[in-house]
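Structure, as structure tokens:
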Amino acid sequence: MENSTPRPDADHDTDPDPAAAPEPSWSAPVWLRVPAAALVMAAVMTGAGYAVYRWAATGLPMEPLPGSPWPYLGAWAVLTFLAALLLQWATSGIDYDGRWALIGVPFFAGIRLCLAYRPDPALLYAYGLAALAVAAAGTALWRRRRAAGAGGRG
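Just so you know, we're using my numbering here: the sequence shown kicks off at 83 and counts up by one.
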């Protein structure tokens, strides 16, 4: 018995119909996605910090201190944005699923502590920017060694 599957002839095109192929979806360029993701992370952390401040007004686990929370939430929004940019630069080219937890957990704890004890906002900026500068220098050294190690293997 012969095979019943028809063989393609040279006359027939074996490629699928290009009109039937789905259109590729649009993706934003990297230079737009990276700051957008950092901005979203900063907005989420600021919103969570404000929710904690409002929740503290009920007197549950944290008593609110008098005064506006916005200088502290603004400082943490700026620091979160810069840390998210640094994190995206540090983990570019690495498939790591838990990268946002590296920012979310300690920064949320920092927001809670700032709203509970209300340090001077200038001190918060000074220590936060110093910590980010040290983290950026460490990341730059790590990426440099990683690039030198990958270049020497070839």
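Heads up, the beta-carbon is just placed ideally off N, CA and C, and yes, glycines get one too.
The structure displayed is predicted, hence computed values, not measured ones.
For T162, the enclosing alpha helix (DSSP H) covers residues W152 to A172. The closest CA to that of P151, considering only L205, R226, A198 and A232, is found on A198.
Rounded to the nearest whole angstrom, the C-alpha separation of P201 and P117 is 29 Å.
Beyond the five residues adjoining it in sequence on each side, F190 comes within less than 7 Å, by CB distance, of M127 and A130 in the same chain, given in chain order.
Just so you know, the alpha carbons of S109 and A217 end up roughly 30 Å apart. In the DSSP annotation of this structure, A110 is not part of any alpha helix (DSSP H), being labelled neither H nor E.
I193: member of the alpha helix (DSSP H) spanning A183 to Y199, first to last residue. In terms of Cβ geometry, L168 and R181 do not form a close pair [threshold 8 Å]. A straight line joining the alpha-carbon of G233 with that of R136 spans about 52 Å.
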